[in-house]
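All remarks here apply to the structure that follows.
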Amino acid sequence: MLINAKQMMIDAKDGHYAIPHFNINNLEWTRYILEECQELDEPVILGVSEGAVKYMGGYVTVANIVRGLVQDLDITIPVVLHLDHGTYEGCFKAIDAGFTSVMYDGSRLPLDKNIANTKEVVNYAKDKNISVEAEIGAIGVAKENLDNEDIYTKVEDAVKMKETGIDFLAPALGSVHGIYKGEPKLDFTRMEEIKEATGLPLVLHGGSGIPDDMIRHAIDCGVAKLNVNTDLQIAWTKGVRELLNLDEEVYDPRKVIGAGKANLQQVVKDKVELLRNK
Ligand SMILES: [Zn+2]
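Heads up: the sequence shown at position 130 corresponds to 123 in this note's numbering, and the numbers run straight through without jumps.
This is how it looks when you write it as structure tokens:
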């Protein structure tokens, strides 16, 4: 069942748990994640970056892969197909191709321009019943210096962004994409303030490598969606590397790609159980 993320995010916020967002890169990962979440009987958000869209062939191809697998594998859990860090143009293309949710990332633009663009994406998405995530402040990449206070989202800016009619918000509060150097420093106080001021479900990007107790704390502070990408990549690659090191004769691509399946599904299971918050 392919749906938007509006209601599941509200339910998660009110119920003090979070929905997992797993990034996909190909047909196999999509299948592994869907099958594992079906087994666990949990809703899932499949995140696709524009880089992954390009890699897989385009928006229509991605939408057809996901729709096809949901149908062929009898997936009955709620599934959201979500554009991750979309550009302005990318959001419209994704919606037209059949994505059920988009994130517009205008975080590198001046705030007014970010808000204006987000509003246009929201207006287009609303007619088609598509959910919209927006970002303010700038979520870092691992190599950047995060001591700069300016990149942390301000409460008043979050309130302005809420006025656009978005469904959920990704504030920048110290998490980064990629591998953390040392312990991540998340601003939980600001997170709680943004939750109170906006009432919106919040999204935590860069969810790989954040200790479990910090993730539980973030859920208490309003996080209703955790984005996981790097952990899946590391786990899958480890499985493939082990097989290739172990067996010099192997050449069947189904065996090579499939060698990362168990590791990847273990990450999915661990994150789902963590986010249930039970
Ligand atoms: Zn992100």
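Even for Gly, the Cβ is constructed at its ideal location relative to N, Cα and C.
Out of Y145, D34 and G44, which has the shortest C-alpha to C-alpha gap to R269? Residue numbering aside, residue 269 sits at position 276 when the sequence shown is read from its first letter. Among Y145, D34 and G44, the Cα nearest to that of R269 belongs to D34.
Tell me whether A109 is buried or exposed, calling it buried when 16 or more other Cβ atoms sit within 10 Å of its Cβ. Translated into the one-based positions of the sequence shown, residue 109 becomes position 116. By the neighbour-count rule (16 or more Cβ atoms within 10 Å), A109 is not buried but exposed.
Cα separation between G251 and G192? In the sequence shown, the residue the question calls residue 251 occupies position 258. In the sequence shown, the residue the question calls residue 192 occupies position 199. Approximately 42 Å, taken between the alpha carbons.
Using CA atoms only, rank isn't needed, just tell me which of M2, K6 and I(-4) is closest to E189. Start at 1 with the first residue of the sequence shown, and residue 189 comes out as number 196. The candidate whose alpha carbon is nearest that of E189 is K6.
Note down, in chain order, each residue of its chain lying with its Cβ closer than 7 Å to the Cβ of E272, except the 5 sequence neighbours on either side. Here the chain covers residues -6 to 271 and nothing more, so residue 272 does not appear.
Looking at the unbroken alpha helix (DSSP H) that takes in G8, where does it start and where does it end? Translated into the one-based positions of the sequence shown, residue 8 becomes position 15. Here the alpha helix (DSSP H) through G8 covers K(-1) to G8.
Find the nearest neighbour of C84 within the set P103, L239, I132 and V46, judged by alpha-carbon distance. Numbered from its first residue, the sequence shown carries residue 84 at position 91. With distances taken between Cα atoms, C84 lies closest to V46.
Going by other Cβ atoms of all chains shown within 10 Å of its Cβ, with 16 needed for buried, is V243 buried or exposed? Taking the sequence shown and counting its residues from 1, the one referred to as residue 243 is at position 250. Exposed, by the Cβ-count rule.
Rounded separation between E235 and N256 - CA only: Your numbering for residue 235 matches position 242 in the sequence shown. Your numbering for residue 256 matches position 263 in the sequence shown. For E235 and N256, the gap between their C-alpha atoms comes out near 11 Å.
Count the other C-beta atoms from every protein chain shown that fall within 10 angstroms of the C-beta of Y25, then say buried if there are 16 or more, exposed otherwise. The residue labelled residue 25 in the question sits at position 32 within the sequence shown. So Y25 ends up on the buried side.
Could you have a look at Y81 and say whether DSSP puts it in helix, strand or coil? The count along the sequence shown starts at 1 and reaches residue 81 at position 88. The answer is helix: DSSP assigns Y81 an H, G or I state.
Length-filtered (3 minimum) beta strand (DSSP E) runs lying within the segment 140 to 191: Correct list: 161 to 164.
Indicate the three-state DSSP secondary structure (helix, strand or coil) for A217 in the structure shown. Here residue 217 refers to the residue found at position 224 when the sequence shown is read from its first residue. DSSP places A217 in strand when its eight states are reduced to three.
Tell me whether G199 counts as near ligand 1, meaning its Cβ is closer than 7 Å to at least one heavy atom of that ligand. The residue you call residue 199 lines up with position 206 of the sequence shown. Under cutoff, so the answer is yes.
Work out the CA separation of V63 and I70 for me, nearest whole Å. Mapped onto the sequence shown, residue 70 falls at position 77. Mapped onto the sequence shown, residue 63 falls at position 70. Going from the Cα of I70 to the Cα of V63 covers about 9 Å.
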